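Data block below; observations after.
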Amino acid sequence: MGDVLAGFHAAWEFQSDSVLIRFERGIRTPKLFQALGERRIPLEAIAGVTLTQGKRGTVVLHAVPRPGADPLMEAADGQLKETSDPYRLVLPADRETLAEYYADELRALLTGDGGPADRFLVAPPEAPLQFKAYDAKASFDGRAVSFRWFWTGASSAKWKAGDQSFPVTGLSGVEWRSPEVFEGHLRLLRRDGMPPAQPDQDPAAVVFGLGYGPVHESLPFAAAVLAAVRAAGPAPAAVPAARRDPADIAERIRHLGELHEAGLVTDEEFSSKKAELLAEL
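To convert, note that position 40 of the sequence shown is 40 in full-length UniProt numbering; the numbers rise steadily by one, no gaps.
This is the structure in structure tokens:
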């Protein structure tokens, strides 16, 4: 075990080849930190270290990650607020001298040029993962991403397309837009080059909203999918679809009937989709 520097919401343990970050689970700790729990950051994933003055009598020790080294930060794409940045350790100002010591020690151990990494060096959040968006429940089992549409939120285009399952081998990446900004969503980028529609019309995307797809749930999800996509390599491979629960099929047919009665689905579309659902039994 190495030396430990404790700050607000987290403690950093300095080891010979990495920094082990343990996040607190207190009520004031950002939810993203609580969801991450613990992260080991290899020294080769760190581009540099800074120590700056913070707010209200604090100092901030910041380990700057290399571009491309951490799937979480790649998925976030600069959208995280400072208070939710897992690479920042906020300490009381009276620990500035101690923080300077550890910053210097850490800098001395960094040997790389800090340039972009050619692979992920930090472990992604582990599957299985799931979260509720405004229009669907998103699930990831490590091999495929599934979207199950909600009757109250999904557009007619998504209902017509039906629930979706995307093997990671058929994906090229993930687009995450924070739920804290306008038009937040998670979109799966497909290898087949299908042009993306608006997120609320795209069966490969789920949309966020007030209380849906929060950062601490949707961002680790996006990071795990992105890491799996990169690990899968360039060659797509088919993954057999799992058999559906008869009760789930019956519920979907009932919802389809309501769409049909409301005039949102034509007779032909209703018959075709109903046949597809029955074929999954």
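Using N, Cα and C, we set each Cβ at its ideal position, and we do this for glycine too.
Predicted, not measured: the structure shown is a model, and the values here were computed from it.
Comparing alpha carbon positions, the residue from Pro128, Ala103, Glu183 closest to Asp200 is Glu183. Residue environment: Pro125 is assigned as buried (16 or more neighbouring CB atoms within 10 Å of its CB, all protein chains considered). Looking at Pro67, Gly209, Ala161, the one whose alpha-carbon comes closest to that of Arg177 is Gly209. The secondary-structure analysis by DSSP pairs Tyr212 across a beta bridge with Gly209.
Beta bridge pairing from DSSP links His185 with Arg177, Val207. Comparing alpha carbon positions, the residue from Thr152, Ala154, Val145, Glu268 closest to Leu189 is Val145. For Ala161, no beta strand (DSSP E) run applies; the uninterrupted alpha helix (DSSP H) run containing it begins and ends at 156-161, by DSSP. In this structure, Asp70 sits away from Phe23, with a CB-CB distance that is not shorter than 8 Å.
The C-beta of Val181 has fewer than 16 other C-beta atoms within 10 Å across all chains shown, which makes the residue exposed. The Cβ neighbour count for Glu217, taken over all protein chains shown within 10 Å, is at least 16; the residue is labelled buried. Within the stretch 86-146, the runs of beta strand (DSSP E) at least 3 residues long that lie entirely inside it are, in chain order, 88-92, 129-132, 136-140.
By the Cβ test, the stretch 260-269 is not in contact with the stretch 134-154, since fewer than three Cβ pairs between them sit closer than 8 Å.
Within the stretch 29-62, the beta strand (DSSP E) runs of at least 3 residues that lie entirely inside it are, in chain order, 38-42, 46-53.
Contact between the stretch 93-103 and the stretch 71-83 is absent, with fewer than three C-beta pairs closer than 8 Å. Leu91 is positioned such that its CB atom lies no closer than 8 Å to that of Val49. Nearest neighbour of Gln53 by Cα position, chosen from Leu278, Glu100, His255, Asp135, turns out to be Glu100. Leu61 is not a Cβ neighbour of Leu110, given a cutoff of 8 Å.
Between Phe33 and Pro86, the gap from beta carbon to beta carbon is short of 8 Å.
At a Cβ-Cβ threshold of 8 Å, Val64 and Ile46 count as neighbours. Contact check for Val207 against Val174 fails: the beta carbons are separated by 8 Å or more. Taking all protein chains shown into account, Val229 has 16 or more neighbouring C-beta atoms within 10 Å of its C-beta and is therefore buried. Judged by their CB atoms, Arg148 and Asp135 are not nearer to each other than the 8 Å cut-off. Secondary structure at Phe150: coil, using DSSP grouped into helix, strand and coil.
For Ser272, the enclosing alpha helix (DSSP H) starts and ends at 267-279. Ile249 sits in a helix when the DSSP states are folded into three classes. Following the DSSP letters along the chain, one finds Ala69 in no alpha helix (DSSP H), marked with neither H nor E.
Within 10 angstroms of the beta-carbon of Val4 lie fewer than 16 other beta-carbons, which makes it exposed. For Glu24, no beta strand (DSSP E) run applies, since DSSP gives it neither H nor E.
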